[in-house]
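Taking it in order: structure first as C-alpha cells, then the write-up.
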Amino acid sequence: MKRILKRFAVSTAAVGVLASGMVVAGTSEAMAAAPCGLSYTVGDVPGGPLKVVYYDIRNCHNKAVKRKLDIAGTTDGPCLTIPAGKTVSNERIIAGWAGVRGIKAC
C-alpha cells in the first residue's frame, strides 16, 4: 500500500509540473526506469511467524551512498554501499510483527 501511495504522489507531482510548463528531464534512461529510494514487497515465510522483505534501493545521486533498511521492531538491515546511479537488490527475513519504515543512512 505504501508503494502505491508513493507512486501516486510521484505521478501527481509529475502532472502538476507538466501542467505548469516546467519540465525537468533526466539525461539518463536509467533515471526514468525506476523511482529513487526504496521499493519493496513483503511475503510470508512458510511454516512460521516470519516475513521476508525483498527490496531495491536506487541511488539517484551522483556519488556513492551508504544506506540500510530501517525496520521497526527489530534490528535494521545491513549497511549497503550503492554506487552513483545504481540499484542494489537484497532480501531480509524479519519477525512477523516487525515492519519496514524506510531507509536510512549508515
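Read in order, the letters of the sequence shown correspond to residues -25 to -1, 1 to 81 in mature numbering (1 follows the signal peptide of the UniProt record, and there is no 0).
Glycine included, every Cβ here is placed at the ideal spot set by N, Cα and C.
Task: Residue environment, LEU25, which counts as buried when at least 16 other CB atoms sit within 10 Å - done: The residue in question, LEU25, is exposed, as its Cβ has fewer than 16 Cβ neighbours within 10 Å.
Do the region 15 to 24 and the region 48 to 65 meet, that is, are 3 or more Cβ pairs less than 8 Å apart? Flag = no, the region 15 to 24 and the region 48 to 65 do not touch.
Quiz item: Where does ASP51 fall in DSSP's three states?
Solution: It is coil, neither helix nor strand.
Next on the checklist: Among VAL63, SER14, ILE46, whose alpha-carbon lies nearest the alpha-carbon of residue 83?
Outcome noted: With the chain covering only -25 through 81, there is no way to say anything about residue 83.
### Rounded separation between ILE78 and ALA59 - CA only
Their Cα atoms are separated by approximately 17 Å.
For VAL27, which three-state DSSP category applies? Three-state result, VAL27: strand.
Helix, strand or coil: which one does DSSP assign to ALA70? Collapsing the DSSP output to three states places ALA70 in a strand.
- prompt: Using DSSP with H/G/I as helix, E/B as strand and the rest coil, what is ALA(-1)?
  reply: Residue confidence is low: ALA(-1) scores 34 on pLDDT, short of 50, so the model does not pin down where it sits. Its coordinate-derived value is still stated next. Secondary structure at ALA(-1): coil, using DSSP grouped into helix, strand and coil.
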